[in-house]
Structure formats: C-alpha cells, structure tokens
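Just so you know, we're using the numbering used here here: the sequence shown kicks off at 23 and counts up by one. Yeah, the Cβ is synthetic: ideal placement off N, Cα and C, and Gly gets one too. Working notes, beginning with the structure itself.
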Amino acid sequence: LDDSALVRLRVVAVLANQIDLEQAVLLPWAPRDAHTSAPLASAVYLRLSPGAHLAAVHAAAATGGGTLRRTAAYLSASDAQNNRTNRLALIAILGMALVYTGIAIANTLVMATGTRKRELATLRLSGATPHQVLRMIGVEAFLVSGIGIVFAAGVTAVTVAGLRQGLSVVAPSVRLVIPWLPISGIALTCLVIALLASLIPAALALRGPPLEMAGAQE
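Quick look at the structure:
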C-alpha cells in the first residue's frame with residue numbers, strides 16, 4: 023500500500039478495458055484507511071433515495087468540510103482544472119521547442135543566404151534588379167517552408183490516424199479534437215521567420231556594389 027505494507031487481496035471482479043481505469047486496481051476503503059497519510063476521500067458519489075431531503079445532505083457535507091454538487095458539475099470543474107494544468111505544461115514544453123525551432127530556422131537560412139553573395143552578384147551583373155533578386159529569394163524561402171509544412175502535415179496525419187485507431191479500441195466514446203488554430207499559427211510563424219531570415223541578409227548583401235560582391239569570399 024502507500025506505506026509499503028504488504029496485504030493479501032482476493033480478486034472479485036475484472037473490469038473491461040477503459041482509458042480511465044488502465045493499470046488501476048480498485049480496493050476496499052478499509053485496507054487503505056490505516057496505511058495512508060490522507061485517509062479522507064476527495065470525492066464521494068451519492069445516489070439519493072426518492073424523497074431524500076437535499077438540505078440534510080447539504081448539512082452533512084458541510085459538517086465534514088465538503089460541498090454537495092451534481093456529478094456533471096463536479097466532473098466539468100475537475101476536467102477544466104486538469105485541462106488548465108495540461109495546457110500550462112504543454113505551453114512550457116512546446117514553447118521551448120518552438121523557440122529553439124525558430125532559432126534553428128533563422129540561423130540556417132541566414133547562413134545559407136550569407137554564402138550566396140557571389141550568386142547574388144552574378145544575378146545583379148546579369149541585369150536583375152535588387153527587387154527581382156529579393157523576390158526570387160522570397161519565393162525560394164516560401165517554397166522550402168511550404169515543402170517542410172507539407173512533410174510535417176504528412177507525418178502528423180499518420181500519427182493522428184494511429185492515435186484515432188487506438189482510441190477507437192480502448193475508448194470509442196473519446197472524441198479526438200485537433201487544434202487547427204494553434205497548428206496554423208505555428209506553421210505561419212515558421213513561414214514568416216523563414217522569409218525574414220532569407221530576405222534581410224539578402225537585402226543587406228545587395229546594398230554593396232555587384233563587383234565587390236562577386237569578389238567577396240564565401
């Protein structure tokens with residue numbers, strides 16, 4: 023038990039597979055009561071008999087420091103609290119990953135654009151205007167980012183399909199919800215970072231004379 027005490031138990035029932043009871047063992051309250059630091063239950067489910075007085079039940083709950091609420095309201099509040107906790111944890115973990123991803127995208131494209139000075143100089147000496155060169159750089163960054171987003175969407179689709187298949191077996195009543203708005207915002211942010219990390223170094227490089235750019239070291 024909680025205090026490492028050993029007890030012998032008799033199995034009286036085996037429940038069907040449920041997502042909320044996976045790897046769970048349901049015990050009588052008596053064996054646990056003497057071996058835990060928190061002997062009181064956090065929630066007690068009641069089914070009131072016909073004609074029961076709610077005022078008396080409210081008074082009994084208040085005597086023990088509890089409150090009486092409908093099951094649906096209690097579960098909704100519990101789910102909301104769990105969702106807030108999970109959302110904060112997700113923001114903390116995913117936020118750091120997204121920051122490092124943005125840094126990696128910007129660093130890669132800045133370095134890649136910086137090594138193309140001779141190529142940009144050749145385009146300028148061939149008659150291309152700075153605007154045309156920047157437009158070409160922007161289209162390249164857009165295409166590269168778009169291809170990355172397509173590949174990421176494919177990998178995500180396979181993962182979601184497997185998750186949906188697994189939930190249909192374990193918990194068919196669970197509805198899988200995909201957060202399209204945050205996903206779209208992340209993809210758009212990566213696209214903007216890629217464009218800025220490509221266009222800004224290219225614009226700075228094009229400020230010099232094309233001949234000097236052509237003789238610059240890579």
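Around the C-beta of residue i, are 16 or more other C-beta atoms found within 10 angstroms, so that it is buried, or is it exposed?
i: P194; result: exposed
i: R241; result: Given a span of 23 to 240 for the chain in the structure shown, any question on residue 241 remains unanswerable.
i: L210; result: exposed
i: T135; result: buried
i: I127; result: buried
i: I169; result: exposed
i: Q72; result: Reading off the sequence shown, one finds Pro at residue 72, where the question assumed Gln. Its Cβ having fewer than 16 others within 10 Å, P72 is exposed.
i: P231; result: exposed
i: I113; result: exposed
In whole angstroms, give me the CA-to-CA distance for residue i and residue j.
i: Y122; j: L221; result: 20 angstroms
i: V155; j: S167; result: 18 angstroms
i: T144; j: L203; result: 42 angstroms
i: A78; j: N105; result: 33 angstroms
i: G117; j: T137; result: 31 angstroms
i: R34; j: A175; result: Per the sequence presented here, residue 34 reads as Val, with Arg not at that position. Rounded to the nearest angstrom, the two C-alpha atoms are 47 angstroms apart.
i: A27; j: P53; result: 10 angstroms
Return the first residue and the last residue of the alpha helix (DSSP H) that residue i is part of.
i: I200; result: Here I200 belongs to no alpha helix (DSSP H), and DSSP marks it neither H nor E.
Could you confirm whether any beta carbon from chain C is found closer than 7 angstroms to the beta carbon of residue i?
i: I208; result: Annotation note: the requested chain C is absent from the structure, which comprises a single protein chain.
Problem - Ordered list of beta strand (DSSP E) runs contained in the stretch 41 to 121, each at least 3 residues - result: Counting whole runs of 3 or more residues, the stretch 41 to 121 contains no beta strand (DSSP E) stretch at all.
Exercise for the section: Please determine if the stretch 154 to 170 and the stretch 209 to 226 are in contact, where contact requires at least 3 C-beta pairs separated by less than 8 angstroms. Expected result: Flag = yes, the stretch 154 to 170 and the stretch 209 to 226 touch.
Practice task
Counting only runs of 4+ residues fully inside the stretch 120 to 158, write out the alpha helix (DSSP H) ranges in chain order.
Solution key: Counting only runs of 4 or more residues that sit fully inside the stretch 120 to 158, the alpha helix (DSSP H) segments are 139 to 147, in chain order.
Practice task
Flag this pair as touching only if the stretch 77 to 97 and the stretch 176 to 185 have three or more C-beta atom pairs under 8 angstroms; answer yes or no.
Solution key: Contact fails: fewer than three Cβ-Cβ distances are below 8 angstroms.
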